[in-house]
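Trainee:
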Amino acid sequence: MMRHTVRAVVALGLLLTATVGCDVEARREIAAEKKATEQGPPPPERIAESCEVDGRPPKIGVVPINLQALFFNQINTGAKTVADKAGASMQVVNGDDDSAKQANAIDNMVADDYDAIIVDAVDTEGVKPAIRRAKAAGVPVVAVDATVDDPAVATQVGTANAEGGKQIAEALLKLSGGKGEIGVVGALNSTVQNERQKGFTDAVTAGGMKIGTVVDGRNIQEQAQTAAENLLTGNPDLPYAYATGEPALIGLAAAVRSQERTEDIEVVGWDLSQQAVDGLRAGWIVGVVQQNTFKFGHAAMNAAIDLACGRSAPADVPVPTQIVTPANVADYLYYLEK
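Residue numbers for the sequence shown follow UniProt numbering, beginning at 1 and rising by one.
1. Can you check DSSP and say which residues form a bridge with R56?
2. DSSP has M90 in a bridge; who is on the other side?
3. Look at the alpha carbon of E260 and the alpha carbon of V317, and state the distance between them as a whole number of angstroms.
4. Going by C-alpha to C-alpha distance, which of F71, Y240, V153 sits closest to S312?
5. List the residues that DSSP assigns as beta-bridge partners of T155.
6. In chain order, what residues of the same chain lie with their CB nearer than 6 Å to the CB of V92, ignoring the 5 residues before and after it?
7. Just reading off the beta strand (DSSP E) that E266 is part of, what are its end residues?
8. State buried or exposed for M1, treating a residue as buried only when at least 16 other CB atoms are found within 10 Å of its CB.
9. Classify A48 as helix, strand or coil using the three-state DSSP reduction.
10. Using only the alpha-carbon positions, how far apart do V192 and A146 sit?
11. Using DSSP with H/G/I as helix, E/B as strand and the rest coil, what is G279?
12. Should L333 be labelled buried (16 or more other beta-carbon atoms within 10 Å of its own) or exposed?
13. State the start and end residues of the unbroken beta strand (DSSP E) segment that holds T226.
14. Where N230 and V127 are concerned, what is the direct C-alpha to C-alpha distance, given to the nearest angstrom?
15. Between G178 and M209, which are expected to be in contact by the criterion C-beta below 8 Å, what is the C-beta distance as a whole number of angstroms?
16. Who are D316's beta bridge partners in DSSP?
17. Is it buried or exposed, G269, if we count other Cβ atoms within 10 angstroms and call 16 or more buried?
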């Protein structure tokens with residue numbers, strides 16, 4: 001009887017030790033994540049020297065694709081950080097996923113005597129006439145994120161989207177061994193996301209994988225979820241899926257959960273959100289291409305202020321991407337903040 005009691009006490013002690021160890025490890029992880037979040041995004045590496053234009057600070061207009069996605073809000077936040085520190089005035093007009101609205105916003109800013117304009121184009125071809133009109137009126141335009149290939153653009157700030165697609169494709173090829181079919185949730189109205197889709201598709205097919213069904217989320221979260229639901233319903237055995245942007249990845253994540261597919265599908269995509277972080281922590285989202293959105297804003301506003309003040313600015317400002325995985329996601333939690 002004494003021997004059984006001793007064994008029970010030892011077993012209880014081991015259980016308590018393991019429980020305490022797990023609790024300590026969990027607290028360490030929570031503390032590390034809290035610290036990463038509190039540190040926030042890196043500060044601007046440079047603040048442009050401001051000036052006076054007609055006796056006032058320079059007026060900079062910003063025309064994002066939309067104000068729904070964290071991605072675009074973070075670009076705005078980065079731009080405002082620089083504008084506030086430099087003493088420039090900044091006004092944001094929502095493009096609302098509409099190329100015509102963006103063109104109208106640019107024209108209105110020119111008419112209202114803005115000194116420079118930053119635009120993230122919905123349609124990189126459709127926005128060109130408005131950018132050319134701005135240049136003709138003496139208002140320089142900085143293109144951010146979406147690449148607008150036109151001499152009227154004074155500065156281009158962004159990442160190589162096709163290269164980012166290739167980068168996340170190579171990560172998936174390592175995980176899959178170069179086998180399996182991939183469904184895609186894209187945004188076929190977005191030049192940027194079409195570039196990401198092509199870079200990814202070229203790389204995975206060259207590596208032996210197959211692109212299956214492609215659905216169009218149109219860069220709108222609700223439509224992306226509906227499209228992703230249709231993708232998963234029509235392909236019940238699909239082992240992999242790729243989302244080309246934040247709304248697409250959020251919609252795909254919601255569809256995976258609603259159809260209880262977290263145990264049998266692996267997902268890669270672009271741009272962190274709370275939904276993406278949750279999937280990374282759970283392990284079924286295996287990689288996310290993260291752009292330095294805040295740095296986009298910093299660089300775009302610095303260029304806009306320089307140009308507004310009559311100084312030169314680089315024609316091209318490349319911003320590198322990062323691959324976020326379940327192993328390093330805690331280091332990037334500041335991207336959940338606007």
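Just so you know, even glycine gets a beta-carbon here, dropped at the ideal spot from N, CA and C.
Mentor: Concretely, from the data shown:
1. Bridge partners of R56: V53.
2. Note: M90 sits in a beta bridge opposite I60.
3. Computed Cα separation, rounded: 42 Å.
4. Of F71, Y240, V153, the residue nearest in Cα terms is V153.
5. BP columns for T155 point to V142.
6. V62, N76, listed in sequence order.
7. Going by DSSP, E266 is part of the beta strand (DSSP E) stretching over 266 to 270.
8. Caution applies to M1, whose pLDDT of 48 falls short of 50 and renders its modelled position unreliable; the value that the coordinates give is listed next. Residue environment for M1: exposed (fewer than 16 other C-beta atoms within 10 angstroms of its C-beta).
9. Residue state for A48 is assigned as coil, using DSSP reduced to three classes.
10. Spanning the two alpha carbons is a distance of roughly 6 Å.
11. Three-state DSSP puts G279 in a helix.
12. For L333, the number of other beta carbons within 10 angstroms of its own is at least 16, and it is reported as buried.
13. Here T226 belongs to no beta strand (DSSP E); instead the alpha helix (DSSP H) covers 221 to 234.
14. Each residue's alpha carbon lies about 32 Å from the other.
15. Approximately 6 Å separates the beta-carbon atoms of G178 and M209; this is inside 8 Å, confirming the contact.
16. In DSSP, D316 forms a bridge with Q156.
17. So G269 counts as buried.
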